[in-house]
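Engineer: Chains as they are written, first to last, in the working numbering: chain A, 1 to 302; chain B, 1001 to 1302. Please find one structure pasted underneath; my questions will follow.
There are 2 protein chains.
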Amino acid sequence: MTPDTLTSWKDGPAKRAILDFVTATTTEGGVGFVPASDRIASFDNDGTLWVEQPLPPQFDFVFRRWAEEVKADPSMAQEQPYKALLEKDMAFLEGVATQDPEVVGTLLKAFSRTWAGSTPAHFDSEVRDWLENVKQPTLGVPYIDLVYKPMLELLELLTANEFRVFVCSGGGRDFMRVFAEETWGIHKENVIGTAAEYTFADGRIVRAEHALGSLDVGPGKPEHIFAATGRLPLFAGGNADVDIEMLEAARFSLLVNHDDEAREFGYVKGAEKSLEKARDLGWTVVSMKDEWIAVFEKWPKT
Amino acid sequence: MTPDTLTSWKDGPAKRAILDFVTATTTEGGVGFVPASDRIASFDNDGTLWVEQPLPPQFDFVFRRWAEEVKADPSMAQEQPYKALLEKDMAFLEGVATQDPEVVGTLLKAFSRTWAGSTPAHFDSEVRDWLENVKQPTLGVPYIDLVYKPMLELLELLTANEFRVFVCSGGGRDFMRVFAEETWGIHKENVIGTAAEYTFADGRIVRAEHALGSLDVGPGKPEHIFAATGRLPLFAGGNADVDIEMLEAARFSLLVNHDDEAREFGYVKGAEKSLEKARDLGWTVVSMKDEWIAVFEKWPKT
């Protein structure tokens, strides 16, 4: 650990807990030592590594696509999830956070329908276009400028201490892979998420019309992490109820609390149970308001 | 590249082709330069990294389990694949190599049946027990002693040149992960293979009764590699017809030719089409007999 470790973190309980854990797990001969091969860290993305208000960025991306599809075929307006989208029925869409099977099934089907048969290169170009041209509606800057600076410092600290960092999000694996390397400094293979199956034919990869494995939320998170790495995480970071199982599976669990209405957003919705779990199980809760000196990596521009 | 690069390789066409490719892809400003992030290498396991005669080692492992199951429930003896196993019906079992859908389906179902509901720790201990106590029948040493020394040197060369090495085998991902780190020097997350889906409940991971995605042979290989890494391989190594699509997807394709009856085994069965493809597409074919100074890492003991 270098002297400039976690510079955007105040010297508070969260920073001290993180540094103590990293010191313990990397000190050979100490009681808390963990061999480097077992040092897996996994982080949720939406609300943990970047802003998720007023809605998770990938919803912004995909809702634009679905709006185009409904425009091309108005009969879709009566079907879910397109109906909920047109009617701004947020209660329906929030069914993802509560893992309502009907909502989840409907969304997975719609995702598949949108990209079935497309190539990764085509999908990548759509995501890049969105990253460059669409702005988060309340702050007025591209979503990619709204990555949390303190969390990037944490990823760097863990990597420097031979942790292998994975991002494990309910969001689309392939969506995140487009910007993972330049944004988080981790390779595409370290991005885990809800994913389409692929088929390889005529020398190229195209998306099949169904998802591979479970939706990467709730118990799906440790399932996906174990499938990808052969291990459960040693260190996990999240911010919402869909992260509970991943945080339970880890030895060090960090919960980002969105209590900074002035600099970001103030909300507990979707995190009620995880905040309760954090109290019961002694997870490290990060107060964005009290413990972060800066919030975003690229905004406001100084 | 250090002076002791590929010391078990004779100074022949294969060694020269490998070194030229690695030099070209890592020389900044050169026409063949490839950024480190795109340097994915993938290798088949059976017959490419270790011996696969008289049958792939994992078949030895699983056949012993199936024999126990039939002993416990003799009615299974009339069902496939148990029937083929008892009758030593190799023609049936070879249907895997030709990707016969009936055989593949039958085997996947039998694999799932054997391990459904078990924990990774339990499975790991079974594999470790087999690794330590079972011997390859013709050479009389544990299978794990029959890893090819020249291939380990190749993995090391690629890693030293910032390639990220993956093993991508039709065999079981979780089977290989037990010995990947100590044997190949790559982390478990770099092992790709046919895999069971997992469920996470009550704080632990158990195997579900179905496979995750396609069987990792033929087109399944590039599919699995792309799903795991977000890329197709830059460098691929294989030895059989089930590796064709992976080798076609790569820029540098290495085919191990089992022509060394004296030190290993002499056979083309299951590799007829890939040898033809190699000629047509200019893949680098390695003659074990002519180009390898040593064959095995740990045998014969010197």
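Cβ atoms here follow ideal geometry from the backbone N, Cα and C, with glycine treated the same way.
Taking B:Trp-1050 and B:Glu-1291 to be in contact with their CB atoms under 8 angstroms, please state how far apart those CB atoms are, rounded to whole angstroms.
Structural biologist: In the second sequence, residue 1050 of chain B corresponds to position 50, counting from 1. In the second sequence, residue 1291 of chain B corresponds to position 291, counting from 1. Actually they do not touch by this definition, with Cβ atoms about 18 angstroms apart.
Engineer: Is it true that the CB of A:Gly-213 sits closer than 8 angstroms to the CB of B:Glu-1223?
Structural biologist: Stepping through the second sequence from its first residue, residue 1223 of chain B is reached at position 223. Stepping through the first sequence from its first residue, residue 213 of chain A is reached at position 213. Not in contact: B:Glu-1223 and A:Gly-213 (Cβ atoms no closer than 8 angstroms).
Engineer: Out of A:Thr-199, A:Gly-230, A:Val-295, which has the shortest C-alpha to C-alpha gap to A:Ser-118?
Structural biologist: In the first sequence, residue 118 of chain A corresponds to position 118, counting from 1. Measuring from the Cα of A:Ser-118, the nearest candidate turns out to be A:Thr-199.
Engineer: Out of A:Glu-68, A:Gly-47, A:Thr-23, A:Thr-159, state which residue places its alpha-carbon closest to the alpha-carbon of A:Val-268.
Structural biologist: The count along the first sequence starts at 1 and reaches residue 268 of chain A at position 268. With distances taken between Cα atoms, A:Val-268 lies closest to A:Gly-47.
Engineer: Are A:His-258 and A:Asn-239 touching if we call contact CB-CB under 8 angstroms?
Structural biologist: For the purposes of this step, residue 258 of chain A is taken as the residue at position 258 of the first sequence. For the purposes of this step, residue 239 of chain A is taken as the residue at position 239 of the first sequence. Yes, the Cβ-Cβ distance between A:His-258 and A:Asn-239 is below 8 angstroms.
Engineer: Which residues does DSSP list as the beta-bridge partners of A:Val-147?
Structural biologist: As a working mapping, residue 147 of chain A is identified with position 147 in the first sequence. According to DSSP, A:Val-147 bridges with A:Trp-50.
Engineer: Using a Cβ-Cβ distance under 8 angstroms, would B:Pro-1101 count as near chain A?
Structural biologist: Within the second sequence, the letter at position 101 stands for residue 1101 of chain B. Answer no: the Cβ-Cβ gap between B:Pro-1101 and chain A never drops below 8 angstroms.
Engineer: Based on DSSP bridge pairs, tell me the residues matched to A:Asp-259.
Structural biologist: What you label residue 259 of chain A is simply residue 259 of the first sequence in a count that begins at 1. A:Gly-266.
Engineer: Given B:Val-1178, which residues of its chain have a CB within under 7 angstroms of its CB, disregarding the five upstream and five downstream residues?
Structural biologist: In the second sequence, the residue the question calls residue 1178 of chain B occupies position 178. Closer than 7 angstroms at Cβ, skipping near neighbours: Asp-1124, Val-1127, Arg-1128.
Engineer: Using a threshold of 8 angstroms, state whether the C-beta atoms of A:Pro-54 and A:Pro-150 are closer than that.
Structural biologist: If you number the first sequence from 1, residue 54 of chain A lands on position 54. If you number the first sequence from 1, residue 150 of chain A lands on position 150. Not in contact: A:Pro-54 and A:Pro-150 (Cβ atoms no closer than 8 angstroms).
Engineer: Start and end of the beta strand (DSSP E) containing B:Ala-1196?
Structural biologist: Position 196 of the second sequence, counted from the first residue, corresponds to residue 1196 of chain B. 1196 to 1201 is the span of the beta strand (DSSP E), which, as asked, contains B:Ala-1196.
Engineer: Quick one: does B:Ser-1037 have its CB under 8 angstroms from some CB of chain A?
Structural biologist: Indexing the second sequence from 1 puts residue 1037 of chain B at position 37. Yes - at least one Cβ of chain A is within 8 angstroms of the one on B:Ser-1037.
Engineer: Which chain B residues are close to A:Ala-201, counting only those with a beta carbon under 8 angstroms from its beta carbon?
Structural biologist: Walking along the first sequence from the start, residue 201 of chain A turns up at place 201. Residues of chain B passing the Cβ test: Pro-1219.
Engineer: Got a sec, what are the start and stop residues for the beta strand (DSSP E) B:His-1210 sits in?
Structural biologist: Indexing the second sequence from 1 puts residue 1210 of chain B at position 210. Looking at the DSSP string, the run of the beta strand (DSSP E) that includes B:His-1210 is 1204 to 1211.
Engineer: Please tell me whether B:Thr-1229 and A:Glu-189 are closer than 8 angstroms, where the distance is taken between their beta carbons.
Structural biologist: Numbered from its first residue, the second sequence carries residue 1229 of chain B at position 229. Numbered from its first residue, the first sequence carries residue 189 of chain A at position 189. Yes, the Cβ-Cβ distance between B:Thr-1229 and A:Glu-189 is below 8 angstroms.
Engineer: In or out: B:Leu-1281 buried (at least 16 other Cβ within 10 Å) or exposed?
Structural biologist: Counting from one through the second sequence, the residue named residue 1281 of chain B turns up at place 281. Flag for B:Leu-1281 reads exposed.
Engineer: Is the beta carbon of A:Thr-27 closer than 8 angstroms to that of A:Leu-157?
Structural biologist: As a position in the first sequence, residue 157 of chain A is number 157, starting the count at 1. As a position in the first sequence, residue 27 of chain A is number 27, starting the count at 1. No.
Engineer: So with CB distances below 8 angstroms, who are the chain B contacts of A:Ile-205?
Structural biologist: Numbered from its first residue, the first sequence carries residue 205 of chain A at position 205. Ordered by position in chain B, the residues that pass the 8 angstroms Cβ test against A:Ile-205 are Pro-1222, Glu-1223, Phe-1226, Leu-1232.
Engineer: Against B:Ala-1195, what residues of chain A qualify as contacts under a CB-to-CB distance less than 8 angstroms, listed in chain order?
Structural biologist: Here the question's residue 1195 of chain B lines up with position 195 in the second sequence. In chain order: Ala-227.
Engineer: Whole angstroms is fine: what's the gap from B:Lys-1301's alpha carbon to B:Gly-1266's?
Structural biologist: The residue you call residue 1301 of chain B lines up with position 301 of the second sequence. The residue you call residue 1266 of chain B lines up with position 266 of the second sequence. If I take the Cα positions, the gap works out to 22 angstroms.
Engineer: Could you check the C-alpha separation between B:Met-1076 and B:Pro-1142 for me, to the nearest Å?
Structural biologist: Here residue 1076 of chain B refers to the residue found at position 76 when the second sequence is read from its first residue. Here residue 1142 of chain B refers to the residue found at position 142 when the second sequence is read from its first residue. The straight-line gap from Cα to Cα measures roughly 30 angstroms.
Engineer: Which term fits A:Val-22, buried or exposed, when burial requires 16 or more other beta carbons within 10 angstroms of its beta carbon?
Structural biologist: Looking up residue 22 of chain A in the first sequence gives position 22. Buried, because 16 or more other Cβ atoms sit within 10 Å of the Cβ of A:Val-22.
Engineer: Measuring alpha carbon to alpha carbon, tell me which residue in A:Lys-71, A:Leu-93, A:Pro-56, A:Ala-72 is nearest A:Gln-80.
Structural biologist: Taking the first sequence and counting its residues from 1, the one referred to as residue 80 of chain A is at position 80. That would be A:Leu-93, whose Cα lies nearest to the Cα of A:Gln-80.
Engineer: Going by alpha carbons, who is nearest to A:Phe-61 out of A:Asp-38, A:His-187, A:Asp-174, A:Phe-43?
Structural biologist: Within the first sequence, residue 61 of chain A is the residue found at index 61, counting from 1. Out of A:Asp-38, A:His-187, A:Asp-174, A:Phe-43, A:Asp-174 has the C-alpha closest to the C-alpha of A:Phe-61.
Engineer: Give me the Cβ distance between A:Asp-303 and A:Ala-278, rounded to the nearest whole Å; I'm assuming they're in contact under 8 angstroms.
Structural biologist: Nothing can be reported for residue 303 of chain A, as the shown portion of chain A is limited to 1 through 302.
Engineer: Between A:Leu-6 and chain B, is there a C-beta pair that is closer than 8 angstroms?
Structural biologist: Working through the first sequence from its first residue, we reach residue 6 of chain A at position 6. So no, A:Leu-6 is outside the interface.
Engineer: Is B:Glu-1069 closer than 8 angstroms to B:Thr-1114 when the C-beta atoms are compared?
Structural biologist: By one-based count along the second sequence, residue 1114 of chain B stands at place 114. By one-based count along the second sequence, residue 1069 of chain B stands at place 69. Yes, the pair counts as a contact, with Cβ atoms nearer than the cut-off.
Engineer: May I have the straight-line CA-CA distance separating A:Val-286 from B:Ala-1195, to the nearest angstrom?
Structural biologist: Translated into the one-based positions of the first sequence, residue 286 of chain A becomes position 286. Translated into the one-based positions of the second sequence, residue 1195 of chain B becomes position 195. Distance between the alpha carbons of A:Val-286 and B:Ala-1195: 37 angstroms.
Engineer: From B:Pro-1013 to A:Lys-135, what distance separates their C-alpha atoms?
Structural biologist: Your numbering for residue 1013 of chain B matches position 13 in the second sequence. Your numbering for residue 135 of chain A matches position 135 in the first sequence. Approximately 55 angstroms between the Cα atoms of the pair.
Engineer: Please name the residue, chosen from A:Leu-146, A:Trp-66, A:Arg-64, A:Leu-108, that lies closest to A:Ala-294 on a Cα-to-Cα basis.
Structural biologist: On the first sequence, position 294 is the one that residue 294 of chain A refers to. Taking only the C-alpha atoms, the option nearest A:Ala-294 is A:Leu-146.
Engineer: Could you work out which residues of chain B lie near A:Leu-212, taking near to mean beta carbons separated by less than 8 angstroms?
Structural biologist: Residue numbering aside, residue 212 of chain A sits at position 212 when the first sequence is read from its first letter. Those are Leu-1212, Gly-1213, Ala-1227, listed as they occur along chain B.
Engineer: Is it the case that the Cβ atoms of B:Leu-1234 and B:Phe-1252 are separated by a distance below 8 angstroms?
Structural biologist: In the second sequence, residue 1234 of chain B corresponds to position 234, counting from 1. In the second sequence, residue 1252 of chain B corresponds to position 252, counting from 1. It is a contact, given that the beta carbons lie within the stated cut-off.
Engineer: Since B:Ala-1036 sits in a beta bridge, which residues does DSSP pair it with?
Structural biologist: Counting from 1 along the second sequence, the entry for residue 1036 of chain B is found at position 36. According to DSSP, B:Ala-1036 bridges with nothing at all.
Engineer: Hey, is B:Lys-1188's beta-carbon within less than 8 angstroms of any beta-carbon in chain A?
Structural biologist: Here residue 1188 of chain B is taken as the residue at index 188 of the second sequence, counted from 1. Yes, because at least one Cβ of chain A sits closer than 8 angstroms to the Cβ of B:Lys-1188.
Engineer: If you compare alpha carbons, which of B:Leu-1254, B:Trp-1184, B:Ile-1205 is closest to B:Glu-1297?
Structural biologist: Taking the first residue of the second sequence as position 1, residue 1297 of chain B is located at position 297. Measuring from the Cα of B:Glu-1297, the nearest candidate turns out to be B:Trp-1184.
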